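**Q** Okay, handing you the structure first.
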Amino acid sequence: MDSKTISLSEDVYSLLKNMRREGESFNEVILRLLQESKKKDIMKLKGSWKGSDEETEKILDLIYKNRDKATIPR
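In short: position in the sequence shown from 1, add 6, done, that's the working numbering.
And the structure:
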C-alpha cells in the first residue's frame, strides 16, 4: 500500500493519540473517525427534543422572525 507523509500540530497529534484504541494505528484512527462522521444522520435526533410545546413555539417564532430579517450577501 502506498503512503503519504503529513504534518500535524502537537495538539492534533495528542488528540489523535488519545482517541487511539488499543492496537490501532494512526491510519486506522483517522479512517475510523472519517467513517463515523459520515454516519451521522439528522433523523437519528427525531424525538430527542424534551422541551414543551410552548418552548417549541417560542423557538419557532424566533426562527421565523429572524429568517425574515436575514439577508444573503451577493
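No residue lacks a Cβ here, since even glycine has one placed at the ideal position from N, Cα and C. As the structure is a prediction and not an experimental result, all values here were calculated from the model.
Measure the C-alpha to C-alpha separation of M7 and L37 and round it to an integer number of angstroms.
**A** The residue given as residue 7 occupies position 1 in the sequence shown. The residue given as residue 37 occupies position 31 in the sequence shown. Approximately 15 Å, taken between the alpha carbons.
**Q** Going by the beta-carbon positions, is the gap between V35 and M25 smaller than 8 Å?
**A** Translated into positions along the sequence shown, residue 35 becomes position 29. Translated into positions along the sequence shown, residue 25 becomes position 19. In this structure, V35 lies near M25, with their beta-carbon atoms less than 8 Å apart.
**Q** Under a three-way DSSP split, which group does R14 fall into?
**A** Counting from one through the sequence shown, the residue named residue 14 turns up at place 8. In the sequence as displayed, the identity of residue 14 is Leu instead of Arg. The answer is coil: DSSP assigns L14 none of H, G, I, E or B.
**Q** Within its chain, find whatever has a CB closer than 6 Å to the CB of G57; leave out the 5 residues flanking it on each side and keep chain order.
**A** Residue 57 sits at position 51 when you count from the first residue of the sequence shown. Excluding positions up to five away in sequence, the list is empty.
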